[in-house]
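full-length UniProt numbering numbers the first residue of the sequence shown as 1 and each following residue consecutively.
Yeah, the Cβ is synthetic: ideal placement off N, Cα and C, and Gly gets one too.
Fair warning: this is a prediction, and the values are worked out from it, not measured in the lab.
Report on the following structure.
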Amino acid sequence: MRIDPETVERIKQTAAVADVIGDYVTIKKKGANYWACCPFHGEKTPSFSISPAKGIYKCFGCGKAGDSVRFVMDMEGLGYGEALRHLAKKYGIDIQEEEMTDDQLLRQNERESLLIILEYAKEFFKKQLYDTDEGKSIALPYFKERGFSDATLQSFDLGYSPEAWDAFLKSALKQGFSQEIIEKAGLVTQKNDDGKVYDRFRNRVIFPIHNVSGKIIAFGARILRNDAKNQAKYLNSPETEVYHKSATLYGISQAKNEIRSKDVCYLVEGYTDVISLHQAGIKNVVASSGTSLTIEQIKLIGRFTQHVTVLYDGDSAGIKAALRGMDLILEEGLQVNLVVFPEGNDPDSFVRKIGSEAFVDYIKKEAKDVISFQANLFKEEAGDDPFKKAEMIKEMVQSISKIPDAIQRSLFIQKTASMMRMDEDVLLAELNKIQLKKMKGASNEPQQISAQQYAEVRDLIEPVQGDQTVEVQNLAYYQELECVRLMINYGHLEINPTQAPGLTVVHYLIDELEGTVFQTPLFIRILDLCKQEFAAQRAPKPDFFLHHADEEIQSFSINISSDKHSVSSEWKDKHEIRVNTDEEMLEDLAYKNVLRLRKVYNDQHLQEVLSKLDSLQADSPEMDGVLLEFLRLKEIQKNISQELGTVIEK
């Protein structure tokens, strides 16, 4: 069953965004909106705006945006349906559910069954640890030797899987679980020779893996026998419907609130690193579980903080792994520092050796940003060799190029020039080479821009002059952006109530763009949504997009309709200032947007034809046809430009 649309709408209407957010942070009313310090990133000056009228929030610092449902999803680590149920319970709304398709029902039932069997497995492994002679004599001593207290064992649900071939399988089957679901959960495996099924985790201590909301989704297991040379030291659950290793961080459920509170996440390698630090009172720590750090894991951290401190072993392999991970973190826009421990130590052993207070002091003293760390490392490795030094400086600039923020890139270039005693212009030239290479190797799709960036360039959106080619691709993006902005904010309004009553902006734009294919995937999806609504004889209002279940569409819609600063009508009246609103100019805005879109696409085609002309020999049989196409496109360019009042070169 799933929540029916009417109930979803009732939940959203009842769960006022200011009330929901006010349960988590202190909010203050200023004018029509409320403001707060953003709960998603550390700040002292409020930049988190809440609009009760629109039912949305927007942080002008970190960019987080959404409605009451999205806020609960991010704060509590819940899925969309779980967040709706959370709010329904809070406001006493009865959930009305509707029948799902057979395929949807099958997927939901399987997912729920997997979570149930995994929860049962956790309890089974805990019972084996505490209530059996085998667990007490073999597994508990292992945990106690590492200094783990009973409270810590309970907090992380640690357990033990006995040595018997099928102890768990027999227990689960006896409880009524099917062998099929036990296998799908990755709790058993088959022998290659006879096809018999046996327990996957035998004679191993068990580390349950929780998702953000605390549900068991998988297990990690460490072998205890010293003579088992042909077996892996650690064994993980396989990928399942509920467990995707690349998108999971060990300890995130226990750490999320502390990460948000401390506004920094400590990233380590292994299970015991997380547990030891947690027991020492350092709870804002997660592990990549021994795998290479992934984009999905970084995005998960980014839901709770923009600051990451990577804590890795002091050996060369650990340092190289840390550097690879730091570049990925930089690329995602997070701020990252690195701490390396004395050789032979890892976070687990080091915190047990020196204690929590000294450990935190060590981190504060030794944490270095990526450039400072690389500079120190490279100076040692390169010595006085100019060739090695040059290669290492290039690696530093390569790391800087990953940073999406231009100001931060500039500051790191300055820092590198100072540390490495280099001319800043030389480093900038190298950075520009890397950026240019990335642009050439990337797809034609320009990066999305924020609402603030868009506001800065919106008045400058005009077709290129003459045959200039460098900005045509970006102009296509901007004109598509303006088109979807009009549809999101004003699509339901009549474009000219006097001369064309009943003709909405969405109706006009869909008709005029018949046969046009946008080049930006997100805009294609938004245009398709508008077409679907129009086909159902509905003109979508802003709320349709501002409260959309698709996070990317919702966030974009909020960004494109949010202004950090707006001039009040009282101020304009006082100073007798008359400013035409978009609503008053819809016909002109939509008409010119369509013309500019056509001109940009025409200019792109013109560039392609020009490139073809350059590649053809004068006596080529194709020359006449290409020239005719060129002249046709130039005529279109001229006509549209004249209509727009744009002067072009002949």
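query	result
Below 8 angstroms CB to CB, which residues in the same chain sit around E110 once its five sequence neighbours on both sides are set aside?	I181, K184, E241
Less than 6 angstroms between C-beta atoms, sequence neighbours within five positions excluded: which residues of the same chain meet that for S555?	A65
Can the beta-carbon of V360 be found closer than 8 angstroms to that of I282?	yes
Let me know the secondary structure DSSP gives G61 once reduced to three states.	coil
Quick check on the DSSP output: what are the complete beta strand (DSSP E) runs of length 3 or more inside the segment 299-369, in order along the chain?	307-312, 335-340
Assuming S330 and K402 make a contact with CB atoms under 8 angstroms, what is their CB distance in whole Å?	Contrary to the premise, residue 330 reads as Leu rather than Ser in this sequence. Right, the Cβ-Cβ distance comes to about 4 angstroms (below 8 angstroms), so this counts as a contact.
Assuming I558 contacts K58 (C-beta within less than 8 angstroms), just tell me the rounded distance between them.	5 angstroms
Put P625 into one of helix, strand or coil per three-state DSSP.	Per the sequence shown, the amino acid found at residue 625 is Gly instead of Pro. Helix at G625.
Report back the beta-carbon spacing between Y312 and V286 to the nearest angstrom; my notes put them in contact at under 8 angstroms.	The pair is not a contact, with the Cβ atoms about 14 angstroms apart (cut-off 8 angstroms).
Could you say which of L328, G502, V72, P386 lies nearest to E398 if we only look at CA atoms?	The question names Glu, but residue 398 is Gln in the sequence shown. Cα-wise, what sits closest to Q398 is L328.
CB F219 to CB I259, shorter than 8 angstroms?	no
What are the boundary residues of the alpha helix (DSSP H) that includes N559?	551-561
Just mark P521 as buried or exposed, buried being the case when its beta carbon has 16 or more other beta carbons within 10 Å.	exposed
Can you tell me whether DSSP reads I282 as helix, strand or coil?	coil
For Q532, does the count of other Cβ atoms within 10 angstroms reach 16, so buried, or fall short, so exposed?	exposed
DSSP has K433 in a bridge; who is on the other side?	Paired residue(s): none; K433 is not in a bridge.
Return the bridge partner residues of T504 from the DSSP annotation.	E494
Who does G220 pair with in a DSSP beta bridge?	F207, N236
Determine the direct distance from the alpha carbon of L606 to that of K612, and round the result to whole angstroms.	10 angstroms
Assuming the contact rule is C-beta atoms closer than 8 angstroms, I206 and L158 should be a hit. Round their C-beta distance to whole Å, please.	7 angstroms
Per DSSP, Q190 forms a beta bridge with which residues?	V197
Could you tell me the boundaries of the beta strand (DSSP E) in which G159 lies?	159-161
For S253, which of Y234, K233, I275, G502 has the nearest alpha-carbon?	I275
Answer with yes or no whether the minimum CB distance from K389 to chain D is below 8 angstroms.	Protein chain content of the structure displayed is limited to a single chain, and chain D is not contained in it.
So, under 8 angstroms CB-CB, L431 and I400 are touching, yes? Tell me the CB distance rounded to an integer number of Å.	6 angstroms
Rank N602, I216, L224, V197 by C-alpha distance to the C-alpha of E163 and give the top, closest one.	L224
Less than 8 angstroms separating the beta-carbons of C530 and I510?	yes
Helix, strand or coil, according to DSSP, for G92 in the structure here?	coil
Taking H507 and F544 to be in contact with their CB atoms under 8 angstroms, please state how far apart those CB atoms are, rounded to whole angstroms.	Actually they do not touch by this definition, with Cβ atoms about 15 angstroms apart.
Grouping DSSP H, G and I as helix and E and B as strand, with all else coil, what is G22?	helix
Less than 6 angstroms between C-beta atoms, sequence neighbours within five positions excluded: which residues of the same chain meet that for M134?	For clarity, residue 134 is Glu in the given sequence; the question names Met instead. Only P162 meet the Cβ criterion.
Give me, in chain order, the residues of the same chain whose beta-carbon lies closer than 8 angstroms to that of E366; leave out the 5 immediate sequence neighbours on both sides.	V339, V340
Identify whether V517 lies in helix, strand or coil by the three-state DSSP scheme.	coil
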